[in-house]
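Working notes, structure below.
Chains as they are written, first to last, in this note's numbering: chain A, 1 to 642; chain B, 1001 to 1642.
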């Protein structure tokens, strides 16, 4: 056994043991050292760069590491095997996805406005915001030698009489507390109940006048990012909000790599653990601590995610999703409870799952469609969710059609050498001076935060600025030279947004031609999907009344720049609306309102799914889109170089 | 920290660590070294005798250890504290209750005849032996690109159409397996289902033509002994049978001590773990291994036990059972599932609990009453369950009355210095020659097994023989001398059944005046309960048509000897019937037959409970019974000395 020491920019270090010849990325995974591996360790993406400080590691060379970098110690963890004791530096950027969980400061109204707006709009459409969770006071006669009815019968009879129902369920969790709570409260208690027609399910038994909030948990499980809200189910108030990188990132950036990884030994369990034990449970713990509630006060959950995320979350084999005929295990299910999945909330908490409508259009989209409100308007609207998959819904109150395109993780900073999530240190916006080519950066985080990498909205800006300033050509190749333009030995260019000394990183923060190429393919996938779907419906771009943009790309997205690079159609900019994380907003509304939940099932039922790859001409359309802004400049009349 | 080495007669040894002054019994408990402590470590029962081999232990003296024994190293573990490294010998008899689990050899028809008889008799009374578990074949269309219904919907629709029901529940355990089983079996599968009116609960999904048995588990949780059967739910065939000491024994011999122990820190969990994790789960594992079935094939359970055992099994506070007004948490409950309690069978297995009818008359008696058949006959029958508590039911097809008396654990060998359960090495029967006073012993186990201790039926025989041969007087005091009569320095006598050199033990197997006194009180409790209940009903002993005797005392019980010592009424011996472990037989029938389950609830509902301690004259009656056979010899006309 050899000793592997992982050190970090913070100065911290973690020790691990490895057998001779063991893969360095695998050693990191089993030690829970976060190293992103969007390509799942297949020497493709080049994100798992680490620096060998000392010791014995044997690495294959790869195009991701230049000769100079190799000489300086840079290695791909996935292409390296341990052959002796060694010390390896893991740069912050290598774990940018798995960056620290962020619990929101709810004193800022910005954090919750978007959810309140969703709730208001849905209410205005006539959907009642009621759910069947409530608290009741139950008073019983105190038992005596002449009244020896057992506790459970006493409690059930009192509830039946008071609530006028025939069936009362006391689950084990309640049965177990019951004798003590009844006696401590002298047989006057508070019960948290769920009432359905003739039946009451007792979730909890509490002392008389206990006023602990009855809480719910809404979660958006993104391929890259997991976000959650804790909600007071009686008032709708948001009590906590957090987001974190999806712990599954180390098993691949996209759903296909995750599914492949899940097919390995014990893989389904590993992927489920990565999202539940490593990601969701710690988020719940932190949010509850911050909101000063107990995790057991969470009595219901609603989860929105794409079909693969839903399957892996539930620990259910997702392989059929990627194999013809692409059959999911479920579109919707009522069978899941917190205790089944080991989620650390109340064990009997029911898990509502926003319904999937196909292998590639999941609950994130149905939940998002609900809050997009496009189903409630006569105007034709386009809803775009920019996740690791790009998903689109087009329609109005009469019809809706959806499709998915595999945009890849570029919008969330994946597939980009210095890409990261929109969290502290991310460049989220950028302008570039045409003459000096010097950038002006906006960084996520407190003032003074140094740039670590670049997130989706920042990449759009950088590529737009490089293009409009004539620094790159429509194919994304560098055509100017200067201090910030680097060239490798093959002549491939890159633009340095922040030199090592300016950056909060041990490496220049830059964008390379490969990054630009990846991003152009991602934006091309979106635009070609829009065109293909509209054409199939006999619609023209000019007929779009509104565009609702959602997703982890961040509120900083500059819509004009997105049009300029040919990602969004060239229609008046006021038609674009950023609606935030609509998947999470949708989960929030489904949790709070039984009618909203029902409405979402109805939307899912009525939405037509179009399989893009089956549409003739889609690939040609895609190829034509892999250009700035498009090979057909007539589609983007408003875009002119500076 | 000091090192404590526990050695055993087998030569094995276990090491533990103890802080200075730590109680030796507590050290054994936390190390899982089995040392019986019927009095729960209160220096009362004297059962936790161990021998100090070397080292530093400080022990209080007690009447249970003579000066000579103390000098030889004998100590009570509960009265000793560790004050340095030490080695302690734990004799086999000190762990007699916690003796090894016994998996029955089902090739012997004796083992199962008693259950088959119960089933036959109940069937003859018109109760159908059907339950709602069954297997069905389900064939679905194989999905295609044109038929992309998700797996769960495909399966549910097929079941609804085929079985003509509206509701199909697919629990998480099924959802999780479903995609793989469907594809391995090309969408033709076998489902294990439970059908109720309009609803089907799918317990399992298996490959087409899978013929694994659908199994159930019946358990009798006795205070001292736990017994269980694995049953084929489709045929009723018994596939496995086992019994073991209840792991809770180390927390006290009787229910009161157990409840007191459960009130200590984390006590409820400890008591639950002792019976489930340490006792029931290992029994299930061994029975399943022996029957070659998987533990997950057990889809339903039925548990019969007294009220305290039911509560502690369910991990529910039992303290209110022993405090006025003596209110249980439940008489019956439908809320328990295997996964709630961590029982290693199918996680969705429902746990049927034989109903309690009061704090001291539990499911063991209601289940036992069912198989006693007294509810189905016009004749007046008495049903006696000789457990750690003695419980009686008297009545016929028109009425039934029950009562409980605290007989103590003597019938199962508790409260007796060399007492043990009726397992290998136990003296189960005995005759004594009037002249030579030499005993002839019958030992449980293979021929040649040496006596280790004495079980309930053996104690009845020994006391009867000692009394009829004039070796002890009606008060249980020794009145003859001889080789086998020992006297301590106070003149207290004992009778040696096997000297150390004859015994499989490191100590003489004997019965002392204290043991005899304890046993006389136990048999007195039974007889006084019979008399008191009959008198209250205006019945006379001569009006009893039949007596059904059940319990762990063993099939070896000599009814005539039990009459001779005044434990059972002096009526013709052919009226007595030993019906074995009626609690387990009852659980077996309730598991197999929904109608039998319903009948048991009905019996429980209709049975009147008499609180003996509230009946004037009961204590006088009890005192009069503490005599061989009774202070009123007219009650036992057939008993004459030899």
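C-beta: ideal position from N, C-alpha, C; glycine also.
Just so it is clear, the structure is predicted and the values come from calculations on it, not from any experiment.
Test: residue i CB closer than 7 Å to a CB of chain A
i               : result
residue 1329(B) : yes
residue 1343(B) : no
residue 1613(B) : no
residue 1172(B) : yes
residue 1265(B) : no
residue 1335(B) : yes
residue 1180(B) : yes
residue 1320(B) : yes
residue 1362(B) : no
residue 1340(B) : yes
residue 1305(B) : no
Endpoints, the beta strand (DSSP E) within which residue i is located
i               : result
residue 80(A)   : 80-90
residue 1636(B) : Where residue 1636(B) is concerned, there is no enclosing beta strand (DSSP E), given that its DSSP letter is neither H nor E.
residue 403(A)  : 400-405
residue 646(A)  : A query on residue 646(A) cannot be resolved here, the shown segment of chain A reaching from 1 to 642 and no further.
residue 550(A)  : 546-550
residue 1204(B) : 1199-1207
residue 1331(B) : Unbroken run through residue 1331(B): none, as it is neither H nor E.
From the options, residue whose alpha carbon lies closest to that of residue i
i               : options                        : result
residue 462(A)  : 330(A), 17(A), 513(A), 395(A)  : 513(A)
residue 635(A)  : 402(A), 531(A), 206(A)         : 531(A)
residue 7(A)    : 632(A), 600(A), 506(A)         : 506(A)
residue 1314(B) : 335(A), 438(A), 176(A)         : 176(A)
residue 1359(B) : 1125(B), 1615(B), 1255(B)      : 1255(B)
residue 106(A)  : 240(A), 502(A), 469(A), 20(A)  : 240(A)
residue 637(A)  : 381(A), 431(A), 146(A), 572(A) : 572(A)
Extent of the continuous alpha helix (DSSP H) to which residue i belongs
i               : result
residue 311(A)  : 307-313
residue 1534(B) : 1513-1536
residue 386(A)  : First-last for residue 386(A): 381-386, but that is the beta strand (DSSP E), not the alpha helix (DSSP H).
residue 598(A)  : 594-606
Neighbourhood of residue i by C-beta distance below 6 Å, restricted to the same chain and skipping five residues each side
i               : result
residue 1511(B) : 1462, 1495
residue 990(B)  : A question about residue 990(B) goes unanswered here, because the residues of chain B that appear run from 1001 up to 1642.
residue 464(A)  : 561, 564, 565
residue 1417(B) : 1512, 1515
residue 1504(B) : 1425, 1450, 1452
residue 1171(B) : 1348
Whole-angstrom distance between residue j and residue i, CA atom to CA atom
i               : j               : result
residue 1553(B) : residue 215(A)  : 54 Å
residue 1383(B) : residue 1526(B) : 12 Å
residue 330(A)  : residue 584(A)  : 20 Å
residue 538(A)  : residue 627(A)  : 25 Å
residue 24(A)   : residue 68(A)   : 21 Å
residue 1114(B) : residue 1519(B) : 28 Å
residue 237(A)  : residue 195(A)  : 21 Å
Contact with chain B by residue i, beta-carbon distance below 7 Å
i              : result
residue 246(A) : no
residue 193(A) : no
residue 348(A) : no
residue 148(A) : yes
residue 152(A) : yes
residue 317(A) : yes
Sequence-distant residues of the same chain with beta carbon closer than 7 Å to residue i, five excluded per side
i               : result
residue 1332(B) : 1353, 1355, 1601
residue 1189(B) : 1138, 1181, 1182, 1205, 1206, 1207, 1208
residue 218(A)  : 228, 229, 231, 302, 584, 587, 588, 591
Own chain residues within Cβ distance below 8 Å of residue i, not counting five before or after
i               : result
residue 1500(B) : 1506, 1507, 1508
residue 166(A)  : 160, 198, 199
residue 1136(B) : 1159, 1162, 1163, 1190, 1191, 1193
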